[in-house]
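Just so we're aligned, residue 1 is where the sequence shown starts under full-length UniProt numbering, counting upward by one. All C-beta atoms in this analysis are idealised placements derived from N, C-alpha and C, irrespective of residue type, glycine included. Below is one structure; the comments refer to it alone.
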Amino acid sequence: MIKEEEEEFVPEEGEEFVPEEGEEFVPEEGEEFLSEEGEEQAKEGEEQAKEGEEQAKEGEEQAKEGEEQAKEGEEQAKEGEEQVKEVEEQAKEGEEQVKEVEEQAKEGEEQVKEGEEQAKEGEEQAKEGEEQAKEGEEQAKEGEEQAKEGEEQVKEVEEQAKEGEEQVKEVEERAKEGEEWAEEGEEKEGEQDNAFSSQMK
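Below you can see the structure in the form of C-alpha cells.
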C-alpha cells in the first residue's frame, strides 16, 4: 500500500504537477504573490525618494538666498550707521560758524533720518532674510524626511518582492516533492506487481 500525505499534493500515476494553459498560479490562503506588485511599489518608492531629494535641494537653495539677503540687509544697516556718524561729525565742525552749523545741522538731521530709515529697511530685510532662511531650512528638513520615507518605502517593497520570490520557490519545491512522491509511488507499485507475479508463478 502507498502511504498518502494529508497536506502534500500527490498526482495520480503518470500525471505531472503542471498548471493548465491560461491558468495563473494562485497562492494558498494567507499567502501573497507580490513579485510584480512589489516591483511597481519599489519603482514608485524610488520616484518618491528622487522627488524628496529634489525638494531638499530646492530648500537648500532658498536657504542660501535668504542668507544672502540677510547679509545685504546687514551691510545696508552698517552703511546707514556710518552716514549717521558722518553727519554728527559734520555738525561738530559746523559749531564755529553758526549759520553754516544750523544749515549743516538741518541737512545732518535729514541725513540722519534717511540713515535711520535705511537702517530700519536693512533690519527689516535682515529679518525677512532670516525668515526665508528658516523657511528654506524647514523645507530642506521636509525634503529630507520625504526622502527618508521614500527610501523606507523602497525597502518595504523590496522586502515584499523578496517574500514573493520565496513563496514562489516554496511552491516550486512543493511541486518537485509532489513529483518525487509520484515517482516513488510508481516504483513501489512496480515492485508490488513484480512480487505478485512471482508469487503467482
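Coil, strand or helix - residue i by DSSP
i: glutamine 69; result: helix
i: glutamate 114; result: helix
i: glutamate 47; result: helix
i: glutamine 97; result: coil
i: isoleucine 2; result: Because isoleucine 2 carries a pLDDT of 48, less than 50, the predicted location of this residue cannot be relied on, and the following value inherits that uncertainty. Of the three classes helix, strand and coil, the one that applies to isoleucine 2 here is coil, per DSSP.
Burial state of residue i (16 or more Cβ within 10 Å)
i: glutamine 97; result: exposed
Proximal residues to residue i (C-beta, below 7 Å), its chain only, five neighbours per side dropped
i: glutamate 72; result: Gln125
i: glutamate 39; result: Ala161
i: glutamate 184; result: none
Beta-carbon proximity of residue i to residue j, cut-off 8 Å
i: glutamate 161; j: alanine 49; result: Note that residue 161 is alanine in the sequence shown here, rather than glutamate. No, the pair does not count as a contact, with Cβ atoms beyond the cut-off.
i: glutamine 139; j: glycine 80; result: no
i: glutamine 83; j: glutamine 111; result: yes
Own chain, CB closer than 6 Å to residue i, minus 5 neighbours either side, in chain order
i: phenylalanine 25; result: Unreliable placement is indicated for phenylalanine 25, whose pLDDT of 48 sits below 50; the coordinate value is still reported in the next sentence. Closer than 6 Å at Cβ, skipping near neighbours: no residue.
i: glutamate 137; result: Ala63
i: residue 207; result: In the structure displayed, the chain extends from 1 to 201; residue 207 sits before or after that span and is not available.
i: glycine 66; result: Gly129, Gln132, Ala133 and Gly136
i: glycine 108; result: Val87, Gln90 and Ala91
i: glutamate 158; result: Ala42
Beta-carbon contacts of residue i that lie in its chain and below 8 Å, excluding the five residues immediately before and after
i: glutamate 53; result: Gly143 and Ala147
Next on the checklist: Whether or not the region 113 to 130 and the region 65 to 81 are in contact is what I'm after, with contact meaning three or more pairs of Cβ atoms, one per stretch, closer than 8 Å; do they touch?
Outcome noted: yes
Next on the checklist: Quick test of the definition: if touching needs 3 or more C-beta pairs under 8 Å, does the region 100 to 108 touch the region 127 to 136?
Outcome noted: no
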